[in-house]
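I have placed the structure first, in the form of C-alpha cells, so that the comments after it can refer back to it.
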DNA sequence: CAAAAATTTTAATGTAGATTAAAATAATGC
DNA sequence: GCATTATTTTAATCTACATTAAAATTTTTG
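Protein chains in written order, with the working numbering: chain A, -11 to 187; chain B, -11 to 187.
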C-alpha cells in the first residue's frame, strides 16, 4: 500500500493533478472550478493540464477512478483483516476514512457522475454499484455469523455510505479534526449494528 | 404545514420552478444542468425563468433557502412532538425524510454552496450552521435526559446529517423505495443512539 | 555538452450557455 | 369587450472558460 517508488515523473505529476482537482471539485463544485483553479494549485498553467488529461470531463473521470480504486483497496483490506462481518464493516469504515483524511486524500466526492460522458459514466456507475454490493455482502455475512443484527442491508449500506461520502463536504484538511473523525466515525456508524446487548 | 391556498400564481409557478431546478441539480449537478434543462421540465423557455429569478446563481440560492426552510420546519415539529432527546432526534429524521421523499420534494442537496456569491453564500452557510447546532442541541438534551448514550455530538450530528443529505443522490422518486426509506432510515440512524440495553 | 524527448507556456480560437431587450401572447379587472 | 397588467417567447448578444497549435523551456540521455 506504500506509494510505489518507481513511479515515473509523469505518473507522479498526474497524481498531484488529480489530488488538486479533487480538492477543488470538493470545495467549489465541478462547475465552480475552472481548469485555471486546478492548475493554480500546482503552480502551473491551465493549458499544461492537457498534457495529462484529454479534457475536463476526463479529469473528473480520472478523479472518480482514483476514488473508486482507493475505496476498493479499503474494502479488500477490511475483508482480509476482519474476522467476522461486524469487524469487516468497522474496519472498512476505518480504512476508508483513513484514506480520505490522510495523506492520500482528498478523495473526490462522486457528485458529478451525471456529467460524465456515457461510457465513462457507465464505467464509474458500475464500479460504484460493485462497491455498494461488496459492502452489503459484508453486512449479510455479519447477519449470518451473528455479529450484526438482522436489518435491511440495502438501506443500512446506503446510510453508512452516505455518511462517509459526505465527509469531504465538511472536512477541509484540519489535522485536529482528522483525528476526531478517525476516532469517532467507525464507532458511531457501527454502534447500532451489533446484536442486542453487545454495546 | 399544508400548502397555503392563497398563494399567488407567481408564487406557485416559482415554487414549481424551484422543484424542477432541485430535481435537475440533484440529478445532473449544477454545471451539468442548463437553464434550458430546467425550463424544459416545465414546458417553458429558458428565458422565462428570468421572470422569476435574477439569474442562475439566484436560482440555486432560492433552492437552498427552500431546502433550509423545509429542514427547519422538520426540526421545529420534531422538537415540539418528541418528549425526550432521543424521540426528538428520531422524529426529526423521520419528518425531514418525509419531506424529501414526499410531495414537497425533491429538496436540493447543498452541494454548490461555494459557487454562491458572497452574501448569499454567507447567508446559506449561516442557516446551515444553525440547523446543525439545533440538531446537536437535541442530542445533548438526549444525553442529559438519559435517552441518548453519551457521545461526541458534533461527529454524531455530522454522521446523521450526512446520511440524510446524501439520500437524493441515490433516491430518484421511485414510490416503492420512498416507503422503504421512510420505514428504515429513522430506525437505522438512531439504532445506536439509545443507552445500552435499550434495543 | 549536444541532440532528442518531455514538459510547460503563450497566444489564439471556439462554443455552449447565460443573459437581455423587444415583441407576442395570455390573464385579469372594469 | 377593452384596456391594463402579467407572463412567455423570439432572436440577439455577450462572456467565461475549455480547448488547440506552435513556440519556448526544461529534463534526459548518450
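For each residue, glycine too, the CB sits at the ideal point set by N, CA and C.
- Our two residues, residue 182 (chain A) and residue 28 (chain B), have alpha carbons roughly 48 Å apart in a direct line.
- Using a Cβ-Cβ cut-off of 9 Å, residue 142 (chain A) counts as an interface residue toward chain B, since at least one Cβ of chain B sits closer than that to its own.
- DSSP places residue 180 (chain A) outside both helix and strand once states are collapsed to three, so it counts as coil.
- Linking residue 138 (chain A) to residue 117 (chain A) through their CA atoms gives a straight-line distance of about 22 Å.
- In chain order, 143, 146, 147 make up the part of chain A whose C-beta sits under 9 Å from the C-beta of residue 173 (chain B).
- Contact between residue 148 (chain A) and residue 113 (chain A) is ruled out by a C-beta separation of about 19 Å, above the 8 Å threshold.
- Take the alpha-carbon of residue 6 (chain A) and the one of residue 50 (chain A): they are about 7 Å apart.
- Of all C-beta pairs linking the segment 66 to 78 of chain B to the segment 124 to 131 of chain B, three or more are shorter than 8 Å, placing the two stretches in contact.
- Within the model, the alpha-carbon separation for residue 10 (chain A) versus residue 19 (chain A) is close to 13 Å.
- For chain A, none of the residues of the segment 49 to 78 of chain B brings a beta carbon within less than 9 Å of one of its beta carbons.
- At least 9 Å separates the CB of residue 118 (chain A) from every CB of chain B.
- Closer than 8 Å at the C-beta level to chain A, one finds these residues of the segment 14 to 25 of chain B: 15, 16, 17, 18, 19, 20.
- Just measuring C-alpha positions, the residue of B:85, B:106, B:135, B:61 sitting nearest residue 71 (chain B) is B:135.
- Counting C-beta pairs with one atom in each stretch, the segment 166 to 176 of chain A and the segment 83 to 92 of chain A have three or more that are closer than 8 Å, which means they touch.
- With its beta carbon less than 9 Å from one in chain B, residue 185 (chain A) belongs to the interface.
- The DSSP-derived three-state label of residue 17 (chain B) is coil.
- In the structure shown, residue 139 (chain A) adopts coil according to DSSP, grouped into three states.
- The three-state reading of DSSP puts residue 44 (chain A) in helix, counting H, G and I together.
- The criterion of a C-beta distance shorter than 9 Å is satisfied by residue 96 (chain B) and residue 52 (chain B).
- Your pair residue 152 (chain B) and residue 84 (chain B) checks out as a contact, with CB atoms roughly 6 Å apart and the cut at 8 Å.
- Here DSSP, grouped into helix, strand and coil, assigns residue 53 (chain A) to helix.
- The criterion of a C-beta distance shorter than 9 Å is not satisfied by residue 120 (chain B) and residue 48 (chain B).
- The three-state secondary structure of residue 22 (chain B), taken from DSSP, is coil.
- In the structure shown, residue 72 (chain A) falls within a coil segment according to DSSP collapsed to helix, strand and coil.
- Membership of residue 124 (chain A) in the alpha helix (DSSP H) is indicated by the continuous run 106 to 132.
- In this model, residue 115 (chain A) and residue 56 (chain A) are separated by some 7 Å (Cα to Cα).
- Among the residues facing chain A, residue 111 (chain B) is not included, as its CB has no counterpart in that chain under 9 Å away.
- The beta carbon of residue 43 (chain A) does not come within 9 Å of any beta carbon belonging to chain B, so the residue lies off that interface.
- Here DSSP, grouped into helix, strand and coil, assigns residue 97 (chain A) to coil.
- Of the candidates B:157, B:37, B:143, B:62, B:143 places its Cα closest to the Cα of residue 124 (chain B).
- A check of alpha carbon separations from residue 133 (chain A) across A:146, A:42, A:154, A:73 identifies A:73 as the nearest.
- For residue 159 (chain A), the closest C-alpha among the options A:111, A:86, A:141, A:106 is that of A:86.
- Just measuring C-alpha positions, the residue of A:174, A:3, A:171, A:184 sitting nearest residue 58 (chain A) is A:3.
- Burial state of residue 110 (chain A) is exposed, judged by a 10 Å Cβ sphere holding fewer than 16 other Cβ atoms.
- Residue state for residue 11 (chain A) is assigned as helix, using DSSP reduced to three classes.
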